[in-house]
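Undergrad:
Spelled out as structure tokens, the structure:
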């Protein structure tokens with residue numbers, strides 16, 4: 001896809017200088033609000049030939065006009081946390097979670113990733129951070145390569161270690177995926193969850209990446225919910241229509257009401273995070289604020305009782 005997370009990471013990295021137990025909402029109590037990952041805003045800004053975060057103050061001023069009251073940023077260093085902190089206060093935004101990239105299948109990079117993640121968590125916890133989401137990098141973004149068995153074993157061990165260290169700080173590590181993890185029989189995805197401890201590694205269920213990675217299959221999505229639903233602490237929310245990402249979250253290829261029912265049956269109430277991103281074929285009728293206003297309104301209906 002044109003607006004790849006790789007490009008997003010490269011963009012934010014270039015501007016970063018300027019810019020225990022499960023969380024309570026994962027079991028008995030409802031999430032207090034619906035959050036949103038900044039990547040969806042990045043895709044809207046890119047379509048409008050603008051750069052999200054170039055002026056983070058101005059970007060967040062638009063963000064809150066959508067009605068959103070919580071924010072899931074991507075952090076690459078503690079400097080990013082320090083830059084964001086006063087703006088969270090200015091715009092009265094909660095920070096229940098954050099996303100970080102990670103390289104955990106290579107020895108040298110793994111140690112660096114773990115050290116950086118721990119430092120970010122320490123810096124962000126006073127701001128309200130409870131969940132740190134990570135999606136271990138593929139060998140090459142957009143590539144066809146798959147990790148070797150040795151690399152998968154190493155990655156699972158490092159993922160579990162990272163989760164264990166974050167747990168000591170009262171932060172939950174949530175494993176997140178894109179579509180690459182579902183290649184070759186979803187061996188990477190399953191190995192991470194079969195070979196990490198649930199008390200160390202939870203799951204950020206990105207429903208649409210699972211759906212797409214499994215060949216546009218709701219069967220696969222709901223089988224995964226049956227297998228790993230008890231580990232879900234966060235839900236990334238995205239919809240497609242005819243297998244193309246919609247401009248807004250609404251009815252489409254994934255049966256979100258069913259997903260809610262199945263998670264409720266397990267007594268799981270995850271943190272809800274909108275991530276209704278654009279791809280080249282997506283409709284083009286709304287700006288970022290308008291689209292996210294509609295996302296929020298529909299999500300409040302679908303997830304009624306959780307928010």
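Residue numbers (this note's numbering): 1 to 307. Glycine is no exception: its CB is placed at the ideal position from the N, C-alpha and C atoms. Small disclaimer: the values here were computed from a predicted structure and weren't measured.
Going by the DSSP bridge assignment, what does residue 134 pair with across the sheet?
TA: By one-based count along the chain shown, residue 134 stands at place 134. BP columns for residue 134 point to 100 and 175.
Undergrad: Please report the Cβ distance between residue 266 and residue 229, rounded to the nearest whole angstrom; I am assuming they are in contact, meaning their Cβ atoms lie under 8 Å.
TA: Translated into the one-based positions of the chain shown, residue 266 becomes position 266. Translated into the one-based positions of the chain shown, residue 229 becomes position 229. About 5 Å; that satisfies the 8 Å criterion.
Undergrad: Can you tell me which residues form a DSSP beta bridge with residue 35?
TA: Mapped onto the chain shown, residue 35 falls at position 35. Beta-bridge pairing links residue 35 to 273.
Undergrad: Cutting at 7 Å between CB atoms, please list the residues of its own chain near residue 299, excluding the five before and the five after it.
TA: For the purposes of this step, residue 299 is identified with residue 299 of the chain shown, where counting begins at 1. Excluding residues within five positions, the ones whose Cβ falls inside 7 Å are 34, 237, 249, 272 and 274.
Undergrad: Over what stretch of residues does the alpha helix (DSSP H) that includes residue 313 continue unbroken?
TA: Because the chain here runs from 1 to 307, residue 313 falls outside it and cannot be looked at.
Undergrad: On a CA-only basis, which of 101, 144 and 154 is nearest residue 213? Give me that one, please.
TA: Along the chain shown, one-based indexing puts residue 213 at 213. Selected option, being the one with the closest Cα: 144.
Undergrad: For residue 224, collect the residues of the same chain with a Cβ closer than 7 Å to its Cβ; drop the 5 residues on either side in sequence, then sort them by chain order.
TA: Locating residue 224 in the chain shown gives position 224, where the first residue counts as 1. Closer than 7 Å at the Cβ level, and outside the excluded window around residue 224, lie 210.
Undergrad: Need the endpoints of the alpha helix (DSSP H) that residue 153 sits in, please.
TA: Here residue 153 is taken as the residue at index 153 of the chain shown, counted from 1. Where residue 153 is concerned, the enclosing alpha helix (DSSP H) stretches over 149-167.
Undergrad: So what's residue 66 in DSSP terms, helix, strand or just coil?
TA: Position 66 of the chain shown holds residue 66. In this structure, residue 66 counts as coil in the three-state DSSP scheme.
Undergrad: What separation, rounded to the nearest whole angstrom, lies between the Cα atoms of residue 307 and residue 65?
TA: Start at 1 with the first residue of the chain shown, and residue 307 comes out as number 307. Start at 1 with the first residue of the chain shown, and residue 65 comes out as number 65. About 19 Å.
Undergrad: Put residue 60 into one of helix, strand or coil per three-state DSSP.
TA: The residue given as residue 60 occupies position 60 in the chain shown. In the structure shown, residue 60 sits in a helix (DSSP, three-state: H, G or I).
Undergrad: Is there contact here, the region 167-179 with the region 198-208, by at least three beta-carbon pairs under 8 Å?
TA: Yes, since at least three Cβ pairs between the region 167-179 and the region 198-208 fall closer than 8 Å, the two stretches touch.
Undergrad: Go to residue 110, then tell me how far its beta strand (DSSP E) extends in each direction, as first and last residue.
TA: Position 110 of the chain shown, counting from 1, holds the residue named residue 110. Premise fails: residue 110 lies in the alpha helix (DSSP H), 107-124, not in any beta strand (DSSP E).
Undergrad: Where does residue 307 sit, in a helix, a strand or coil, going by DSSP?
TA: Residue mapping note: residue 307 aligns to position 307 of the chain shown, counting from 1. The answer is coil: DSSP assigns residue 307 none of H, G, I, E or B.
Undergrad: When the Cα atoms are used, what is the spatial distance from residue 96 to residue 131?
TA: On the chain shown, position 96 is the one that residue 96 refers to. On the chain shown, position 131 is the one that residue 131 refers to. Taking the straight line from one Cα to the other gives about 6 Å.
Undergrad: What distance in whole Å lies between the Cβ atoms of residue 88 and residue 127, which are believed to be in contact at a cut-off of 8 Å?
TA: Stepping through the chain shown from its first residue, residue 127 is reached at position 127. Stepping through the chain shown from its first residue, residue 88 is reached at position 88. Their Cβ separation, rounded to whole angstroms, is 6 Å, which keeps residue 127 and residue 88 in contact under 8 Å.
Undergrad: Could you check whether residue 93 and residue 121 sit closer than 7 Å to each other, using their CB atoms as the reference points?
TA: Within the chain shown, numbered from 1, the residue matching residue 121 stands at position 121. Within the chain shown, numbered from 1, the residue matching residue 93 stands at position 93. Their beta carbons are not under 7 Å apart, which means residue 121 does not touch residue 93 by this criterion.
Undergrad: For residue 4, which of helix, strand or coil comes out of DSSP?
TA: The residue given as residue 4 occupies position 4 in the chain shown. With a pLDDT of 47 at residue 4, under the threshold of 50, the predicted position of this residue should be treated as unreliable, though the coordinate-derived value follows. Residue 4 falls in the coil class under three-state DSSP.
Undergrad: Taking the alpha-carbon of residue 110 as reference, which of 141, 119, 157 and 71 has the nearest alpha-carbon?
TA: On the chain shown, residue 110 is found 110 positions in, with the first residue counted as 1. Selected option, being the one with the closest Cα: 157.
Undergrad: Return the chain-ordered list of same chain residues with a C-beta closer than 7 Å to the C-beta of residue 288, the five sequence neighbours on each side being excluded.
TA: Position 288 of the chain shown, counted from the start, is the residue given in the question as residue 288. 41, 44, 45 and 62, listed in sequence order.
Undergrad: Comparing C-alpha positions only, which one of 134, 154 and 117 sits nearest to residue 106?
TA: As a working mapping, residue 106 is identified with position 106 in the chain shown. The option with the nearest alpha carbon to residue 106 is 154.
Undergrad: Using three-state DSSP, classify residue 237 as helix, strand or coil.
TA: As a position in the chain shown, residue 237 is number 237, starting the count at 1. Strand at residue 237.
Undergrad: Looking at the ligand ADP, does it come within less than 6 Å of residue 123, judged from the CB to the closest heavy atom?
TA: As far as ligands go, the structure on display features none, and thus does not contain the ligand ADP.
Undergrad: Residue range of the alpha helix (DSSP H) that residue 80 falls in?
TA: Your numbering for residue 80 matches position 80 in the chain shown. It spans 78-91 - the alpha helix (DSSP H) in which residue 80 sits, taken as one unbroken run.
Undergrad: Measure the C-alpha to C-alpha separation of residue 187 and residue 181 and round it to an integer number of angstroms.
TA: Within the chain shown, residue 187 is the residue found at index 187, counting from 1. Within the chain shown, residue 181 is the residue found at index 181, counting from 1. The alpha-carbon atoms of residue 187 and residue 181 are separated by roughly 7 Å.
Undergrad: So, is residue 149 buried or exposed, given that buried needs 16 or more other C-beta atoms within 10 angstroms?
TA: Within the chain shown, numbered from 1, the residue matching residue 149 stands at position 149. Result: exposed.
Undergrad: Do you know whose CA, among 55, 69 and 58, lies nearest residue 292's CA?
TA: Within the chain shown, residue 292 is the residue found at index 292, counting from 1. Looking at the Cα atoms, 69 is the closest of the given residues.
Undergrad: Using the beta-carbon count (16 or more within 10 Å), is residue 192 buried or exposed?
TA: One-based indexing of the chain shown puts residue 192 at position 192. Burial call: buried.
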